[in-house]
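Trainee:
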Amino acid sequence: MTIIEQRSRLGVAPALPAIAGVEMWERFSFYGMQAILVYYLYDHTAGLGLEQSEATALVGAYGAMLYLFTFAGGWVSDRVLGAERTLLAGAALLIGGHLSLSLIPGFVGLFAGLFPLALGSGLLKTAAITILGAAFPTSAGPPFQIFYLGINIGAFLGPMLTGWLAETRGFHVGFGAAALLMVVGCVNYLALRRRMLGSLSAKSREFITQPANPAAPQTQLKVLIASVLVIVAAVWGLRNPDRLAYVLLIATVATALGLFVTVLTSPRVSAAERQKVRAFIPLFIASTTYWTLQSQAYGVFAVYSEQRLDRTIAGFEVPAAWTQSLNPLFILVFTFPIARLLTKHRNRNHLMGGGLALAGMGMLVLVPFTGASSVPFLALVGCILFMSLGELFIGPIGMAATAIHAPAAFATRFSALFFLSLAIGTSLAGSLSTLYSSETELYYLIVVGLVPVIVGGAIYKSKQ
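The end of the sequence shown is residue 611 by the working numbering, with every number in the run present.
1. Just to confirm the assignment, what range does the alpha helix (DSSP H) spanning L539 have?
2. In the DSSP assignment, find the alpha helix (DSSP H) that holds Q443 and state where it starts and stops.
3. Quick one: what does DSSP say I251 is sitting in, helix, strand or coil?
4. How many angstroms separate the CA atom of G253 from the CA atom of I372?
5. Can you tell me where the alpha helix (DSSP H) with W222 in it begins and where it stops?
6. Based on the DSSP output, what are the partners of L456 in its beta bridges?
7. What did DSSP end up calling E586 once you bin it into helix, strand or coil?
8. Could you round the C-beta distance between G237 and A265 to whole angstroms and report it? I think they count as a contact, below 8 angstroms.
9. Among the residues of its own chain, which have a CB less than 6 angstroms from the CB of L532, if the five just before and after it don't count?
10. Indicate the three-state DSSP secondary structure (helix, strand or coil) for I354 in the structure shown.
11. In the structure shown, what three-state DSSP assignment does F283 receive?
12. Please list, in chain order, all residues of the same chain as L498 whose beta carbon is under 7 angstroms from its beta carbon, the five residues on each side excluded.
13. Find the nearest neighbour of L503 within the set V394, P161, Q441, A193, judged by alpha-carbon distance.
14. Would you mind giving the Cβ-Cβ distance between F175 and L328, rounded to the nearest angstrom? I have them listed as a contact below 8 angstroms.
15. Return the CA-CA distance between I606 and G462, expressed in angstroms with no decimal places.
16. Kindly identify the DSSP beta-bridge partner or partners of F463.
17. Go ahead and pull the three-state DSSP assignment for G267.
18. If G310 sits next to W469, beta carbons under 8 angstroms apart, how far is it from one beta carbon to the other, in whole angstroms?
19. Buried or exposed for Y590, going by 16 or more other Cβ atoms inside 10 Å?
20. When the Cβ atoms of the segment 413-426 are set against those of the segment 225-240, are three or more pairs found closer than 8 angstroms?
21. With distances taken between CB atoms, is the gap from G207 to S580 smaller than 8 angstroms?
22. Taking all protein chains shown into account, do 16 or more other C-beta atoms lie within 10 angstroms of the C-beta of P484, making it buried, or fewer, making it exposed?
23. For H492, which of helix, strand or coil comes out of DSSP?
24. Between the C-alpha atoms of I378 and L395, what's the straight-line distance to the nearest angstrom?
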């Protein structure tokens, strides 16, 4: 049965282009901004002139903050706005954040841009996956594969555009392009919104437009005050990016543990649902370990690409930011072949454990080139190929598993667990990046590569 046939049978086809489309444009703008962010932070001429270790730590801290805000997005969706209005609020914040980075110079623009971007992405991402899960309640495969494909189309094109603009027109023009891309995404979603809502059943439509468990006004006020205090503390923490990365690592781990404990002890969760939550734990560990590895791309690999890589191809020097398009390119090429394989093998522990081990091997591809004056471009291509193949076994499976294993009373907040695994991974990557240097390169690559291989092997052998 083809994907088109399945969509027609379900009768909710408009939901897929609407949600996959807004996520694609959001990723287009996000990855476009992130591809040039680390260079903007440590460039002493056109950027902010931070130390490289501070820049990579700050990128990791920003990523952790973004995915930590997915938990806030889940709470807002479940308790205040409902998933659909949460998505729209997130999109508005994203446009404002990109415009701040583009129009306001210096650290003021950085602070005014990064926090709306992090919060906006947190709101939009959990809402999008919740809406998709409601539209396709019995299918965890093809719709999520298409959703994941949309993410990677945006992730491929974003760095290509902003990387070129940053080198030829300046960083702020690149950030401005990211804002324009998010505007396009909003227009696309609003054009499809009425058809999408009209195609859903009354139950599904109510599920995504109304909060599942509305919070009392006093509770909303307390959460708002706490959120403001957290943001103020994070702004203060930006004065010391290394420390902020460690603080966010602790915060993300504590948030994930707290959510697991809350779900497992809630009287609103049945015994059968608790068993499904426990079965999700190895998948959560696999996802967390993978994103620690993959998040090296935005810090350590970004520096590696600019300083260690021979980027000259046929006389043309490839912009360093373009190397961040390699991962989504491979995802685009291999998504459908891997999707066919996933339909034949249902053991999630085998798939995610094997994918994690494969991704770890990618890091080890670079080990023979440590100490060389310059690294062949194909070495990085091979590294990212292995990591991308691993991602195809981890990303869609982990994303779909959050919908499959989620208890009804915690639908959106449980979806945030997938993104909390990214939060832990990115904050850990940011913390680890402070240990990377030309002197530690060999040990760094070996350790960061071997750990996923070992963890993946253990998960592969565990029972589903």
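Ideal Cβ placement from N, Cα and C applies to all residues, glycine included.
Mentor: Looking at the coordinates:
1. 524-552
2. Per DSSP, Q443 belongs to no alpha helix (DSSP H) and is neither H nor E.
3. coil
4. 28 angstroms
5. 199-223
6. V522
7. coil
8. With a Cβ gap of about 11 angstroms, G237 and A265 do not count as contacting.
9. F477
10. According to the sequence shown, residue 354 is Phe rather than Ile. Three-state result, F354: helix.
11. coil
12. L489, H492, F540, I544
13. Q441
14. 5 angstroms
15. 45 angstroms
16. I460
17. helix
18. 5 angstroms
19. exposed
20. no
21. yes
22. exposed
23. coil
24. 12 angstroms
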